[in-house]
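Here the structure comes first, spelled out in structure tokens, and everything after it is commentary.
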Amino acid sequence: MTGELLNKGIGATRTINDIVLTLSKKKENVALCRRIQDCLSTITDILQESLVDMVKLEDMKEQIKVINNTLDEHLKRVEKFDLK
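The C-terminal residue of the sequence shown carries number 129 in the working numbering, and the numbering is unbroken.
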């Protein structure tokens with residue numbers, strides 16, 4: 046779900062950027078468009094950083110699963126050994 050929201054945010058940012066480019070064709074809108082583009086750049090940076098964090102969390106989740114499975118197998122062997 047978070048990945049989907051991030052993709053929507055990136056898409057919305059691109060759409061707004063296209064609108065800004067259209068508005069900037071009139072001289073009186075140039076300063077406003079520059080401010081909007083600066084804001085969009087900040088938002089895009091935040092979204093990209095969030096995406097990186099999300100990928101890192103997914104990797105950690107997989108590593109935890111592997112460690113958990115390894116420990117589970119080890120415990121089963123130890124329990125089997127203790128029973129004999």
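We put the beta carbon where it would ideally sit given N, CA and C, even for glycine.
Three or more Cβ pairs drawn from the segment 80 to 91 and the segment 57 to 68 lie within less than 8 Å of each other, which places the two stretches in contact.
Using a Cβ distance threshold of 9 Å, T89 and I112 do not count as a contacting pair. Between L51 and D104, the alpha-carbon positions lie close to 18 Å from each other.
Here DSSP, grouped into helix, strand and coil, assigns K71 to coil. V65 and M99 have their C-alpha atoms some 29 Å from each other.
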